[in-house]
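Residue numbers for the sequence shown follow the numbering used here, beginning at 194 and rising by one. Glycine residues also receive a C-beta, built at the ideal position from the N, C-alpha and C atoms. Source: prediction; values computed, not measured.
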Amino acid sequence: MSTTRRFLAALTGATLGIAALAVTPAQANPAGTGLVISEVFGAGGNNGALINADFVELYNPTDGAIDLNGLSIHYRALAGASGGAPYALAGEVPSHAHWLIQMGAVGANGAALPTPDSVALPSFSMAGPGGQVYLLNGTTEITTNGDTVGNPLVVDMVGLNNSTSFETASGPTTTGDLSANRDASGTDTDNNAADFTLAAPTPTNSGTSSGGGTTAATIAEIQGEDAQVSPFLGESVVTEGVVTAVYATGGLNGFYMQTAGTGGGTDATPGASDGIFVFGSAATAVALVPGDLVEVTADVAEFAGETELTPTTGGVVVLAEEHAPVTALVGPYPSTESDREAHEGELLAPTDDFVVTDNYATNQYGEIGLAAGGQQLRQPTDVADAQDTDAIAAVVADNAARGVVLDDATSINYLSAANQATPMPWLTPTNPVRIGSAATLHQPVVLSYRNSTWKFLPTQPVTDDGAAVVTFSDTRTANQTPQPVGGDLTLGTFNVLNYFNTTGEEWVTSGRGTCTYYNDRTGSPVSDNTCTNNGPRGAAQSSGGTDLSDPTADLERQQTKIVRAINATDADILSLEEIENSVALGEADRDDALASLVDALNADAGTTRWAYAPSPAAVDLPGVAEQDVIRTAFIYNPGTVDLVGDSVVLTDEPAFADAREPLAQAFKRAGALPSDAFVVIVNHFKSKGSGDDDGTGQGLANPDRIAQAQALLTFADSVATARDTTKVFLTGDFNAYTQEDPVQVLEAGGFTNLTSDDPGDTSYQFDGMAGSLDHVFASADAQDLVSGVDVWQINAEEAVAFEYSRYNYNATLLYADDQFRASDHNPELVGLDVPYATEATTTGATVTPDTIGVGAGPVTIDATVSADSATPSGTVEYWVGADKLGESVLDGSGATSFDAGPFDTVGSVTIEVRYLGDPSHDPSSTSVEVTVVAGQATITASAAPSSVEVLTGTSTVSVLVESDGPDPTGSVEFSIDGDVIATSTLAGDGTAEAVLGPFPEAGEVTIDVTYLGDATTGGASTAVQVTVDAIASATTLALAPAKVTVGSGTTTLTATVTSSASVAGSVEFLVDGDVVATEPVTGGVASTEIGPFAAVGSVPVEARFTGSPTVAGSSDAGTVRVVKAKPVMTVSTKPAKVKVNKTKVKVAVALAAPGIRVSGTVTVRAGGRTYVATVNKKGKVTVTLKPFRSTGRARITVTYGGDALNTSVTKRTTVTVVR
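Structure below.
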């Protein structure tokens, strides 16, 4: 049933409701005089459930219809927790009929619920064992506890499973295969325990026949002529027809049949359809194929606007009798509701030219919006003045007449978790089903009214690309690149759909907020859903790598598509919308995300193709709290475009309190004068999604966008004045279609909306209708620059399934690293012819050095070119007479340099410096003078070998003479100590050499090498060193003797010097490192005597031959061993005879050694006593012995202990001891 039909039905229901019975609480109603709850089932779809959805069934036991308006159904859990707001009911329950309310979502298990009369929205989540169900007077939620009998707000109430509220007592506990049921008469004793019993669930709707016979009728009669509701609604009929389409799988749960022999080129029953849908498990219980003749016995129902038959078990019978086939009705797609009603359920073969006009739900529900007539549907306010209600109505009517949905003939939601592993129909990487593509049907389709829209259903569910049903023309190939727009520069605008380089994951891990995400079929986040604290809105994660198949590479997949699209535009200036405002996310650099995009663009381009216009300084921006999290921006080609001044943002303008403030930037063609600048202002007006509705059909917040357009005009005038130009472009996402009020404000302000050279191009797609929210407006003088316009059809025409944000949502992977569906808005490109104005220039030049040798060089010419308003660019040439020396290019400051030379003639040379001009600067010239003088020689020399032996060796000295002028000629002299010892003539390559030696003496010899010069080259000199090595010698040292006594001994040192040459000279003799004698060498020998020595030990000695002019020195060493002396000791006693125990004896000791003093102590042992005395300076000591204690010859032992120079000595003597 169409929207209009549903509206009429609503009106009819309201009218009938006046005559329907008023509802009063069903208190103690055993006789059945009021509306009651007759069945409750809360286990729908659960494991083991017989029915796939929770339901509540009402019953009208009276003889009149009961109006439901003003009533509501409500559910509470066992303990009374609310299951949500009460659901308001509408309609009326026929006499002795049921009313089926679907309470919850359809689950995975159980048979399909019969067509419900009401579907609770939002749904309730009922408990399988039971809870509390209320039929309420009004729609206000109430709270109860205990017995509800007598409550005036309760029409009826059922409490189950020991619930805390009930009528008198709680009813039984339900299960997956048992519901709570009243008896068939609807008896109500106000006692849930008594009134309800458990039985298999039997959900019954108001269309189910409650008695009476079955009427035989044709399908056309059941459909009714010019009827929007079947005249047999709610009755049981028997009819027959030929099966045309079977949907045993996919969820439609039924088949279509059509009267045998109908179809073809004529309609046998104008005004009434010959086809009908047969629904339910009984409809699919029989194995049917198209072409079968069947007899169907069923109740007639209207489900969501379509007439259908709902047979019970056994109600479908295949007939074996011969029958005429059904052929598809050939003709144009019905353009009116009545014509469509007249063919509802019939097999059609439309003859129209269809194009795709909607693909937004293709990846979810398998739906493709088509438009007849070869043109997609249009947004009314894009093609008609928003204030022209008649024109708007005409567009609306045209859309209604031409629109139809091609369905996949299933009820599968491919985005639900249960179905994401099932490949979606239609869409594949090579079958994108783009909006605007021609759709060619290859099979008949059934015309059906489902989901509040007219649909074409294939005769069986589509599970592949559907090529057997329909094919689509290729429109991608023509959009691999934009259409040419001509001109010197290309200006464009591109909404980049929430490009954030801050991912949701980064937002969370940095502690700035929390995020929820849209996930892929594995549960991996893909894009941000909501982030607290006004956080990011783009990709959920970033892998940081280049593998686009990495589940975490969300940002990389988004960025890749945007980069490919932008680089393919080949634009010179591109305004951007919906890019991250990094400062609003708490970052220091407002341009952080913009810079990251430019980096990615340049990396993809392989060169510095893009730069961005920096944001204004913070003081020139609205406060951060006033800025949106998304912003506008400019990127440009620095090779073709120059920025003129800083960017400017409109501030302190109330009209933009809920939108992004305009951003202005002046540009000029690279090298152009400032007077050639033009201004571009990028915009992103308030969206249509929120704000006030002014009732004009232009979406929400239209007054806001009007005010923004007015403020933009003032801002544009201000910026243009500041930049001294009348050439202004307004670009961006204005969130206003082409004929809406904000656009008209801008046009009335002197701007022209530039439209594509292809009138069919639009920038956006919404709700199956095309239109342009994105625009480029030009002032009158700016419009004079325009050479062409293209809206590049790469985004809005693509199914959202190809977007980065839908990566891996389905088993069919559609993402590709190309430009298609980089955003939801198409970019718009404008070609500009931007001529150059010119100004005079002045060229100045200097030369360094200004004097140079003939043949030498180069000289460096530094040139500058200046002008009044802009720095010149381009080429400078250098000429001598008619000969061009070369050229160079000016740098960014108007300066350049060039190396000229060498010059082959002596004298003054004039070099002309010619600036050739650029598109905005006239040529100019100047000259410099160079004086050319004779060349200067440079001489280098080397000796080989650089070390030779005296008297025999020779060395070759090689010379190279070079010049900064002509090649040098002439002679080279070789001198030692001022004496010329050789002369050589230069060869043609500037080389010469001389063999010098042998040399009479050893040592370092300096050889002076002098080039004498020639007519064009001055002389030069250098020197080389040659080392003349002496002849080796050997010295041998002999010692005689090698051991001597300290103080008296001497030894003779003899040095023998040998060499291959005659030896002359002297030998130095050293003792302990000091020279003690120098003796001449005679016959190869020199000697000397050394000693005596004052100390004991090893004394090092050396003989050192000091060499001669031809013989090298040498040396040898040895050691003299100096030993201690043995002193002479004499001992005398006095007296020689003594008396025992009486006489003392004096012992006199004298010590002497040659050349040294004796020191130390003497020990005397006698008579058992020991005496020690110190030797005096004369080497003597006297010891007095005590008297001896016994008679006889007494022994006296005298021992000298030695010192540092003397050894020890012992002597013995005796005395005679008498009484």
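- Distance from S720 to D747 at the Cβ level is roughly 7 Å; contact confirmed, criterion being Cβ atoms closer than 8 Å.
- Note that the region 1158 to 1174 does not touch the region 1062 to 1072; fewer than 3 beta-carbon pairs, one per stretch, sit closer than 8 Å.
- Around the Cβ of G1372, a 10 Å sphere holds 16 or more other Cβ atoms; the residue is buried.
- In this structure, V982 lies away from V993, with their beta-carbon atoms at least 9 Å apart.
- DSSP places A848 within a helical segment (H, G or I) once states are collapsed to three.
- Exclusion of the five residues before and after A973 leaves T919, G943 and T945 as the residues of its chain whose Cβ lies within less than 8 Å of its Cβ.
- Rounded to the nearest angstrom, the gap between the Cα atoms of V655 and Y957 is 29 Å.
- By the C-beta criterion, the region 525 to 539 is judged not to be in contact with the region 473 to 482, since fewer than 3 inter-stretch pairs fall below 8 Å.
- C-alpha of G400 to C-alpha of L426: approximately 7 Å in a straight line.
- Scanning its chain for C-beta atoms nearer than 7 Å, with the 5 sequence neighbours on each side dropped, one finds around S736 the residues D743, T745, A746 and E749, in chain order.
- Residue pairing by DSSP puts S1117 in a beta bridge opposite Y1108.
- Restricted to the region 860 to 947, the beta strand (DSSP E) segments that are unbroken, complete and at least 3 residues in length are 871 to 877 and 921 to 926, listed in chain order.
- Distance between T1247 and V1321, taken at the CA atoms: about 33 Å.
- DSSP places I755 in the helix class (H, G or I) of the three-state scheme.
- By the neighbour-count criterion, in which a residue is buried when 16 or more other Cβ atoms sit within 10 angstroms of its Cβ, T341 is buried.
- In the structure shown, F1167 falls within a strand segment according to DSSP collapsed to helix, strand and coil.
- If the five residues before and after A542 are omitted, its C-beta is found closer than 6 Å to the C-beta atoms of A521, V523 and P637, all from its own chain and listed in chain order.
- Beta-bridge pairing by DSSP links T1036 to V1058.
- Scanning its chain for C-beta atoms nearer than 6 Å, with the 5 sequence neighbours on each side dropped, one finds around T1178 the residues S1164, in chain order.
- When only Cα atoms are considered, N302 and P625 end up about 34 Å apart.
- If you draw a straight line from the Cα of A392 to the Cα of G227, it comes to about 23 Å.
- Annotation for W292: the continuous beta strand (DSSP E) segment containing it runs H291 to Q295.
- Contact between the region 1130 to 1140 and the region 1195 to 1215 is present, with at least three C-beta pairs closer than 8 Å.
- Exclusion of the five residues before and after A313 leaves I266, Y280, I294, Q295 and M296 as the residues of its chain whose Cβ lies within less than 7 Å of its Cβ.
- Rounded to the nearest whole angstrom, the CA to CA distance from P807 to R730 is 23 Å.
- Looking only at A593, G1050, V701 and N712, the smallest Cα-Cα distance to T725 is reached by V701.
- Around the beta carbon of P309, 16 or more other beta carbons lie within 10 angstroms, which makes this residue buried.
- Closest in alpha carbon position to V875, among V912, P847, I1283 and D886, is V912.
- Contact between the region 1258 to 1277 and the region 1342 to 1358 is absent: fewer than three C-beta pairs spanning the two stretches fall below 8 Å.
- Setting aside the 5 residues that flank it on each side, P1302 is surrounded in the same chain by E1194, each with a C-beta closer than 6 Å to its C-beta; the list follows chain order.
- When DSSP assignments are scanned along the region 1039 to 1095, the uninterrupted stretches of beta strand (DSSP E) that are 3 or more residues long and fall wholly within it turn out to be 1044 to 1046, 1052 to 1059, 1068 to 1073, 1076 to 1082 and 1088 to 1093.
- Per the Cβ contact rule, the region 772 to 791 is in contact with the region 809 to 822 (3 or more Cβ pairs under 8 Å).
- Of the candidates F687, Q325, E530 and S358, F687 places its Cα closest to the Cα of D1017.
- Here V1368 is not near T1392, since their CB atoms are 9 Å or more apart.
- Contact between V1239 and V1289 holds, with the beta-carbon distance rounding to 5 Å and staying under 8 Å.
- The DSSP-derived three-state label of Q416 is helix.
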